[in-house]
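Undergrad: Before I ask anything, here is the structure I am working with.
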Amino acid sequence: MLVAESLSMLVRLPLFIVPLLVHAPVYFVGRLGAKLVEDEEETQAQNKVVFGLLLLILMYGSIGVFLWAMLWYTPAGALLAAGFVFLFAKYHNTLINDNYEHAKRLVAAWRILVGVWAPKHWDLSLTALAQYTIPRVPPENPWIDRPRTKSSPTTPNSPTPLSSPTPTPQSLSHKAGTPSSKTRKQRRPPSRRLVRHVLRARVEAAKALGTLFEQLDHASDGKRVRASSHLAQAFGGVLDEPAAPVNSSDTLEGVGEVEMARGWRNAKEVLSFLRNRGAKMGTLEHSVAGDWAALSSEGEGDGTECESDSGFAEDLVWVPSTSNLRQVL
């Protein structure tokens, strides 16, 4: 199935190669603009749009002027050049919208297949994997002045703490420029080394969710679960009274906090809501032995690096079935 889908993509590639080559500088400049900002994801997306759009305007304008010059700068030539540029851009956008999502799914399927078929020793060790399991804390914004310690009311007998000068952006940038604070950008590991870990984590999350649903299903009728306030109001839940606003002097940031009302929904109602929308909760409670999981004898007896709860040390090999693969692709 993957081979057939790959061949169909290769057949359609000649139809897309010309607009792809023409728009390649736009994609390249957009990636360069995103690399100017390493931490802010929203700014990366904005830079991609701004840099790519500016180059796109220049490129389309240059193509239009060139075609107009080839037609001897006549009014009819201007209309033909503008129409050609418009149709070329529409052709490119149509191919992108038609093939981009399909290509991403195809590439993801090949990555999963290669990662599953790869030897076990290619996988990242648990020690090397630990750095990717903890979300990276974003750096502090130097333009926001926040107190470093929690403020507390002073008494007449208590000594007055010495006020430390607030670091300025210039001082922070100077500190950031020192060799000790320079950090090398982490290199992403190959996807084939993460596939088994990702699929195993997905199975564990599904089993944990299934256990939660089973507990809620066998709970008493008065059992409630936390929900958003608007969902609790919409589905017959209850709301807790909001707490009193917190004084700004009691917070770390020095800004007063107002706690919103907490919503609660009945557990039975939530389960019924999910089942009515096609959720299959019974399959989550059991060990995953369906389309995406099968026991593998590879690596038996070489240690229990990642054992399951039942005590088995075999690795899980994930092989998609043909039916599910057709649905994905």
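All residue numbers for the sequence shown refer to the working numbering, where the first residue is 103 and numbers rise by one. Yeah, the Cβ is synthetic: ideal placement off N, Cα and C, and Gly gets one too.
(1) For residue 326, report the span of its beta strand (DSSP E) as first-last.
(2) Please go through the same chain and pick out, in chain order, the residues whose beta-carbon is closer than 8 Å to the beta-carbon of residue 375, but skip the five residues on each side of it.
(3) State whether the segment 111 to 123 contacts the segment 188 to 199, with contact taken as three or more CB pairs (one from each stretch) at a distance under 8 Å.
(4) Is the beta carbon of residue 159 sitting closer than 8 Å to the one on residue 187?
(5) Is it a yes or a no for the segment 325 to 334 touching the segment 362 to 372, going by three-plus beta-carbon pairs under 8 Å?
(6) Is residue 201 closer than 8 Å to residue 114 when the C-beta atoms are compared?
(7) Identify the residues that DSSP records as bridge partners of residue 377: which are they?
(8) Taking the alpha-carbon positions, what's the residue 137 to residue 152 distance?
(9) For residue 141 versus residue 244, is the C-beta distance shorter than 8 Å?
(10) Which residues share a DSSP beta bridge with residue 366?
(11) Given a threshold of 16 other Cβ atoms within 10 Å of its Cβ, counted over all protein chains shown, does residue 155 qualify as buried or as exposed?
(12) How many angstroms separate the CA atom of residue 236 from the CA atom of residue 299?
(13) Taking the continuous alpha helix (DSSP H) assigned at residue 303, which residues delimit it?
(14) For residue 116, which three-state DSSP category applies?
TA: Let me spell this out:
(1) First-last of the beta strand (DSSP E) with residue 326: 326 to 329.
(2) Cβ neighbours of residue 375 beyond the five flanking positions: 337.
(3) Between the segment 111 to 123 and the segment 188 to 199 there are three or more inter-stretch CB-CB distances shorter than 8 Å, so the stretches are counted as touching.
(4) Cβ atoms of residue 159 and residue 187: not closer than 8 Å.
(5) A contact exists between the segment 325 to 334 and the segment 362 to 372.
(6) A contact, by the Cβ cut-off of 8 Å.
(7) As DSSP reads the structure, residue 377 sits in no beta bridge.
(8) Between residue 137 and residue 152, the alpha-carbon positions lie close to 13 Å from each other.
(9) With contacts defined by Cβ atoms closer than 8 Å, residue 141 and residue 244 do not form a contacting pair.
(10) Residue 366 is bridged to 328 and 340.
(11) By the 10 Å Cβ count, residue 155 comes out exposed.
(12) Near 14 Å, if we compare the C-alpha coordinates of residue 299 and residue 236.
(13) Looking at the DSSP string, the run of the alpha helix (DSSP H) that includes residue 303 is 297 to 319.
(14) Correct three-state label for residue 116: helix.
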